[in-house]
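What follows is a single structure, written as structure tokens, with notes after it.
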Ligand SMILES: [Mn+2]
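Numbering (the numbering used here), first residue to last: 80 to 289.
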């Protein structure tokens, strides 16, 4: 039975990602679920993308979209997302790639391939959460990458436990029906990157970067 290893909101912090990956005792059938916000703020967004792609050579990997990739992908056509990209860490990504257009030249197919969620029997992995009043198949994609309190502080009706990032907490946010694992990596110098290791028996284990 495979385990799921969920990691989110790396935000260009390649050293923390490498440190975290070195601390996980992986098995060959582990499935990595990267839950978005690979880029922006931290110093090496390009290196983070290269590293998560490389992880796919040895393990099955699921790559989800985060709010920052959503803003990046919409920034060319929409001034609002251009504003978000420019003001929430995008310039660090541009520097990392040596220019805005290089982001798409080098990793455009990766960014365009990202999924909004990953559903298993026991878990739903999604960057920000869901609108708790709407079935999964009718969710607005903007909610899936941007929703916060309306999701976090109310119960949802799905049988799965929802694993989410996007909203930062000092330590993992653990509720009966959801677990949040964004600890502010990229935003706060001392923030740790977190991996949540799950299996279908219901075990939940956390690993943290130094
Ligand atoms: Mn984030």
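C-beta atoms are modelled at their ideal positions from N, C-alpha and C, and glycine is treated no differently.
All of these numbers come straight from a predicted model, not from anything done at the bench.
Quiz item: Measuring CB to CB, does residue 142 end up less than 8 Å from residue 113?
Solution: Taking the chain shown and counting its residues from 1, the one referred to as residue 142 is at position 63. Taking the chain shown and counting its residues from 1, the one referred to as residue 113 is at position 34. Their beta carbons are under 8 Å apart, which means residue 142 touches residue 113 by this criterion.
Self-check item: Sequence-distant residues of the same chain with beta carbon closer than 8 Å to residue 211, five excluded per side
Solution: In the chain shown, the residue the question calls residue 211 occupies position 132. Cβ-Cβ distances below 8 Å link residue 211 to 229, 230, 233, 234, 235 and 236 in the same chain, with the five nearest sequence neighbours on each side left out; the list follows chain order.
Quiz item: Secondary structure at residue 245, three-state DSSP: helix, strand or coil?
Solution: For the purposes of this step, residue 245 is taken as residue 166 along the chain shown, with counting starting at 1. Of the three classes helix, strand and coil, the one that applies to residue 245 here is strand, per DSSP.
Quiz prompt | Cβ neighbour criterion (16 or more within 10 Å) applied to residue 227 | solution = Taking the chain shown and counting its residues from 1, the one referred to as residue 227 is at position 148. Exposed, by the Cβ-count rule.
Practice problem: Indicate whether the contact test is met: 3 or more Cβ pairs, each with one atom in the stretch 82-102 and one in the stretch 148-164, closer than 8 Å. | Solution: no
Quiz item: On the premise that residue 202 lies in contact with residue 242, defined as a C-beta separation below 8 Å, what is that separation, rounded to the nearest angstrom?
Solution: Translated into the one-based positions of the chain shown, residue 242 becomes position 163. Translated into the one-based positions of the chain shown, residue 202 becomes position 123. Contact holds; Cβ gap of about 6 Å.
Self-check item: Given residue 246 as reference, the closest of 144, 238, 224 and 109 once Cα atoms are compared
Solution: Against the chain shown, residue 246 aligns to sequence position 167. When only C-alpha atoms are compared, the closest one is 224.
Self-check item: Paired residues, beta bridge with residue 284 - DSSP
Solution: Position 205 of the chain shown, counted from the first residue, corresponds to residue 284. BP columns for residue 284 point to 276.
Practice problem: Kindly indicate which residue of 174, 82 and 94 has the alpha-carbon position closest to the one of residue 287. | Solution: Position 208 of the chain shown, counted from the first residue, corresponds to residue 287. It is 94.
Self-check item: Pick from 206, 157 and 117 that is closest to residue 175, judged by C-alpha positions
Solution: The residue given as residue 175 occupies position 96 in the chain shown. Here the closest residue by C-alpha is 117.
Quiz item: Where does residue 137 land, buried or exposed, given buried means 16+ other C-beta within 10 angstroms?
Solution: Mapped onto the chain shown, residue 137 falls at position 58. Result: exposed.
Practice problem: Quick one: measure Cβ to Cβ for residue 265 and residue 121, integer angstroms, because I've assumed they're closer than 8 Å. | Solution: Along the chain shown, one-based indexing puts residue 265 at 186. Along the chain shown, one-based indexing puts residue 121 at 42. Right, their Cβ atoms sit about 4 Å apart.
Quiz prompt | Residues whose Cβ lies closer than 5 Å to any heavy atom of ligand 1, in chain order | solution = 88 and 116
Self-check item: Buried versus exposed call for residue 262 [16 or more other C-beta atoms within 10 Å across all chains shown]
Solution: Within the chain shown, numbered from 1, the residue matching residue 262 stands at position 183. So residue 262 ends up on the buried side.
Quiz item: With distances taken from CA atoms, which of 260, 239 and 240 is nearest residue 249?
Solution: The residue you call residue 249 lines up with position 170 of the chain shown. Residue 260 is the option with its Cα nearest to residue 249.
Practice problem: Write down every uninterrupted run of the alpha helix (DSSP H) in the stretch 163-223 whose length is 4 residues or greater and which is fully enclosed by it, in chain order. | Solution: 169-176 and 179-191
Practice problem: Less than 8 Å between the CB atoms is what I'm expecting for residue 144 and residue 195, so what's the real figure, rounded? | Solution: Counting from one through the chain shown, the residue named residue 144 turns up at place 65. Counting from one through the chain shown, the residue named residue 195 turns up at place 116. Rounded, the Cβ-Cβ distance is 6 Å, consistent with contact.
Quiz item: Going straight from the alpha carbon of residue 198 to that of residue 135, what length do you get?
Solution: Here residue 198 refers to the residue found at position 119 when the chain shown is read from its first residue. Here residue 135 refers to the residue found at position 56 when the chain shown is read from its first residue. Spanning the two alpha carbons is a distance of roughly 19 Å.
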